[in-house]
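Chains as they are written, first to last, in the working numbering: chain A, 7 to 489; chain B, 575 to 713.
Note that beta-carbon positions come from the ideal geometry of N, C-alpha and C, so glycine has one too.
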Amino acid sequence: MVKREEFQRVDAYVWELPRDFDSRMLVPARIYGSEALFRAAFDDRSIEQLVNVAMLPGIVKYAMAMPDMHQGYGFPIGGVAAFDADTGIVSPGGVGYDINCGVRMLASQIDEEEIRPHLNDLATILYRNCPSGVGEGGAVRLSYGELDRVLEEGARWAKAQGYATEDDLERTESGGRMPRANPSAVPDRAKQRGLPQLGSLGSGNHFLEIDIVDAIYEAEAAAAFGLREGQVVVQIHCGSRGLGHEVCSQYLRMLQDAPRRYGFEIPDRELVSAPYDSVEGRDYVAAMAAAANYAFANRQVLAHFVRLSFEEVLAGKVSNWHLQQVYDVTHNMAKVEDHVVDGKRRTLIVHRKGATRSFPAGHPELTEVYRSTGQPVLVPGSMGTASYVLVGTESSMALTFGSSCHGAGRTMSRHAATRRARGEQVRSELHEQGITVRAQSMRGLAEEAPFAYKDVSEVVDSVAGVGIARKVARVHPVAVIKG
Amino acid sequence: MQGLIMGRWKEIPHTADLALHVWGSDLLDLFATAARAMMSFVAVPAQQGGELRARVQLEALDTETLLVDWLGELLFLLERERAVFVTYDFDRVTPHALSADLTGRPVGTYLANIKAVTYHNLAVVQTEEGYETEVVFDV
Chain A
7 MVKREEFQRV DAYVWELPRD FDSRMLVPAR IYGSEALFRA AFDDRSIEQL VNVAMLPGIV
67 KYAMAMPDMH QGYGFPIGGV AAFDADTGIV SPGGVGYDIN CGVRMLASQI DEEEIRPHLN
127 DLATILYRNC PSGVGEGGAV RLSYGELDRV LEEGARWAKA QGYATEDDLE RTESGGRMPR
187 ANPSAVPDRA KQRGLPQLGS LGSGNHFLEI DIVDAIYEAE AAAAFGLREG QVVVQIHCGS
247 RGLGHEVCSQ YLRMLQDAPR RYGFEIPDRE LVSAPYDSVE GRDYVAAMAA AANYAFANRQ
307 VLAHFVRLSF EEVLAGKVSN WHLQQVYDVT HNMAKVEDHV VDGKRRTLIV HRKGATRSFP
367 AGHPELTEVY RSTGQPVLVP GSMGTASYVL VGTESSMALT FGSSCHGAGR TMSRHAATRR
427 ARGEQVRSEL HEQGITVRAQ SMRGLAEEAP FAYKDVSEVV DSVAGVGIAR KVARVHPVAV
487 IKG
Chain B
575 MQGLIMGRWK EIPHTADLAL HVWGSDLLDL FATAARAMMS FVAVPAQQGG ELRARVQLEA
635 LDTETLLVDW LGELLFLLER ERAVFVTYDF DRVTPHALSA DLTGRPVGTY LANIKAVTYH
695 NLAVVQTEEG YETEVVFDV
């Protein structure tokens with residue numbers, strides 16, 4: 007068990023566990039966050055999981071946890087770890103089962119008072135047009151051949167089908183298409199699961215939300231992102247569905263004896279890994295990238311159906327129902343990136359498990375659209391609470407390999423949440439706050455109740471305090487669609 | 575052989591996911607109990623509708639992987655066939671292989687989605703009373 011006293015306070019928001027805490031650690035472990043969030047990290051087993059990450063071969067600088075950290079499996083959620091491309095590993099458990107789970111934000115030209123009279127209809131139509139919940143198929147049916155094109159081309163496939171504009175792709179991380187994707191590296195069973203699910207939200211913490219911008223912190227960046235106070239925006243949170251889950255499961259299975267074959271030890275079987283520079287490592291990256299492309303296409307198809315829903319309900323009632331994409335970020339991914347480490351440029355495999363990329367202005371990987379501002383970092387809060395739009399900073403490159411938090415972070419188990427409140431009660435409390443809810447499962451609603459999460463504002467203030475992103479805008483929900 | 579189900583299980587607190595501690599008098603009992611426990615979280619079988627059957631044959635590197643495969647197979651059948659299998663007639667269970675005939679019903683109500691069965695700290699342990707393990711599911 008790690009004790010608080012074993013950490014050293016590096017500065018107000020940085021806490022470090024030295025390497026000598028455990029002889030198997032190859033680097034120190036770092037937690038970023040306020041003192042309150044740091045103390046809260048000891049309430050579950052997330053620090054133990056972070057220490058395990060520090061033991062993986064080729065890890066560079068630190069095993070890191072963002073302020074929204076909590077217990078996961080293998081890596082903690084909010085975990086960031088970079089591995090040397092020549093000597094390090096790639097770890098399916100460091101990406102997770104929901105490969106490229108992420109968030110997309112669309113901005114309207116509508117103000118709150120214009121949408122209020124239509125919110126109920128809009129929520130109903132969105133719930134109908136954007137399938138959600140356990141066991142639901144997607145809005146699009148694919149053939150095997152077509153699925154392979156999705157896996158290769160991601161959101162670019164969606165553009166060819168009329169589901170996306172070039173502007174959408176510009177405003178998507180990696181242009182909505184991960185390099186190195188190879189459909190033949192995706193196991194057949196993953197494809198079987200992916201065929202009927204494209205264009206679906208899924209369940210759990212996934213959601214679709216209509217929000218109102220209620221605070222602007224940086225006018226210039228907000229204007230560049232197309233955001234202004236009082237404006238209606240939409241957030242979509244989902245990932246690669248069964249296809250991604252199966253890719254992770256199958257590769258974890260295939261790699262179970264890889265540490266033995268490659269001569270390294272792991273502290274937890276969920277952390278099985280292969281050298282990045284190996285057949286298995288490259289195969290996993292090819293499959294992961296393909297699953298990530300499925301997720302990009304999934305959010306793109308859903309964005310299309312959100313736009314159709316806005317048109318169906320609002321055409322003729324408001325002057326402009328168009329939705330422009332702000333950005334689409336991924337928060338479960340391993341990416342090949344160049345970083346400067348101790349003054350030297352190195353190619354690293356950056357694993358972000360429940361963490362968002364946070365690249366600053368001028369980064370060559372950023373789209374032209376955001377090259378001069380830095381990338382938008384979308385941080386959804388818990389259901390019924392605020393969400394934030396941040397912007398990436400230079401400090402994130404120095405401190406966290408260009409990474410930031412991904413959400414509020416859970417603090418209470420699903421079981422405890424359902425014991426504390428029934429779904430009907432949660433729905434009625436949200437209703438009293440002026441939030442329209444459409445949900446397939448009342449139990450699911452209780453599990454995702456706001457009290458089960460950390461305060462997103464405290465998390466975001468910590469992120470800003472560390473300096474790994476700056477606050478640009480805050481939004482609050484007026485309608486929530488959940489599986 | 576269905577065996578006498580002696581097994582028991584309990585949920586262990588986990589901040590985000592589902593964790594179960596499962597005990598069985600032998601491997602067969604452990605696998606059956608783990609499966610029933612997991613299925614009780616994901617779906618309720620329909621009262622009506624025909625009986626569904628499936629055959630499962632699995633081989634794995636070790637018992638832990640076999641357990642992950644077994645539970646994963648039931649989740650796959652739930653997703654693809656919309657079938658809730660709750661009766662398992664095993665004709666073979668060894669530390670590396672199992673085969674079983676499954677009987678169940680169509681899904682009546684979905685309760686929750688389990689994304690995957692994880693390997694997180696997974697170890698099937700033999701004790702004086704039989705076998706036990708802790709399984710973490712990604713939900």
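ask   = By DSSP, does Val462 (chain A) sit in helix, in strand, or in coil?
value = Val462 (chain A) falls in the helix class under three-state DSSP.
task = Measure the C-alpha to C-alpha separation of Ala593 (chain B) and Pro98 (chain A) and round it to an integer number of angstroms.
result = In this model, Ala593 (chain B) and Pro98 (chain A) are separated by some 20 Å (Cα to Cα).
ask   = With respect to the alpha helix (DSSP H) encompassing Pro265 (chain A), which residues constitute its N-terminal and C-terminal limits?
value = Ala264 to Tyr268
request  = Label Tyr282 (chain A) either buried or exposed according to how many other C-beta atoms from any shown protein chain fall within 10 Å of its C-beta, with 16 as the threshold for buried.
outcome  = Buried.
key: Any chain A beta carbon closer than 8 Å to Phe650 (chain B)   = Taking Cβ atoms only, chain A reaches closer than 8 Å to Phe650 (chain B), which makes this a yes.
request  = Express the C-alpha separation of Leu672 (chain B) and Gln256 (chain A) in angstroms, rounding to a whole number.
outcome  = 19 Å
key: Integer Cβ distance of Val356 (chain A) from Glu343 (chain A), believed to fall under 8 Å   = 5 Å
query = Can you list the residues of chain A that Arg656 (chain B) reaches, using a CB-CB cut of under 9 Å?
reply = Gly141
Boundaries of the beta strand (DSSP E) in which Trp597 (chain B) is found, first to last residue = Leu592 to Gly598
inquiry  = Tell me the DSSP secondary structure of Leu175 (chain A) in three-state form.
reply    = helix
request  = Can you give me the start and stop residues for the beta strand (DSSP E) that Trp327 (chain A) sits inside?
outcome  = Segment: none, Trp327 (chain A) is in no beta strand (DSSP E) and carries neither H nor E.
ask   = Alpha carbon to alpha carbon, what distance is there between Glu708 (chain B) and Ala697 (chain B)?
value = Between Ala697 (chain B) and Glu708 (chain B), the C-alpha separation is close to 7 Å.
request  = Output yes if chain B places a C-beta closer than 8 Å to the C-beta of Arg444 (chain A); else output no.
outcome  = no
query = Does any C-beta atom of chain B lie closer than 8 Å to the C-beta of Gln14 (chain A)?
reply = no
Listed by chain order, chain A residues near Ala685 (chain B) by CB distance under 7 Å = Residue identity differs from the one stated: residue 685 (chain B) is Leu in this sequence, not Ala. Result: Arg449.
key: Spatial distance of Val239 (chain A) from Lys341 (chain A) (CA atoms)   = 29 Å
request  = Write down every uninterrupted run of the alpha helix (DSSP H) in the stretch 145–209 of chain A whose length is 4 residues or greater and which is fully enclosed by it, in chain order.
outcome  = 150–159, 161–166, 172–176 and 194–200
key: Under 7 Å by beta carbon: chain B residues contacting Ile83 (chain A)   = Ala590
inquiry  = Can you pull the chain B neighbours of Tyr103 (chain A), defined as C-beta to C-beta under 9 Å?
reply    = Residues of chain B passing the Cβ test: Lys689, Ala690, Thr692 and Asp712.
key: Identity of the residues DSSP links to Val397 (chain A) by a beta bridge   = A:Pro382 and A:Arg476
message = Here's a check: name, in chain order, each residue in its chain whose Cβ is nearer than 6 Å to the Cβ of Ala35 (chain A), leaving out the five neighbours to either side.
response = Leu23, Leu56, Val57, Ala60 and Ala69
task = Whole angstroms is fine: what's the gap from Val16 (chain A)'s alpha carbon to Val472 (chain A)'s?
result = The alpha-carbon atoms of Val16 (chain A) and Val472 (chain A) are separated by roughly 11 Å.
inquiry  = Please return the same chain residues whose Cβ sits closer than 6 Å to the Cβ of Ser599 (chain B), not counting the five positions on each side in sequence.
reply    = Met580 and Gly704
task = Just the chain B side, please: which residues come within less than 9 Å of Thr417 (chain A) by C-beta, in chain order?
result = Thr589
inquiry  = Using the Cβ count rule (16 or more neighbours within 10 Å means buried), how would you classify Tyr150 (chain A)?
reply    = That one is exposed.
inquiry  = By alpha-carbon positions, which one of A:Pro456, A:Glu438, A:Gly429 and A:Gln439 ends up nearest to Ala445 (chain A)?
reply    = A:Gly429
key: Boundaries of the alpha helix (DSSP H) in which Gly248 (chain A) is found, first to last residue   = Arg247 to Met260
inquiry  = Our contact map puts Phe213 (chain A) next to His243 (chain A) with C-beta atoms below 8 Å; I'd like the distance itself, whole angstroms only.
reply    = Confirmed, about 5 Å.
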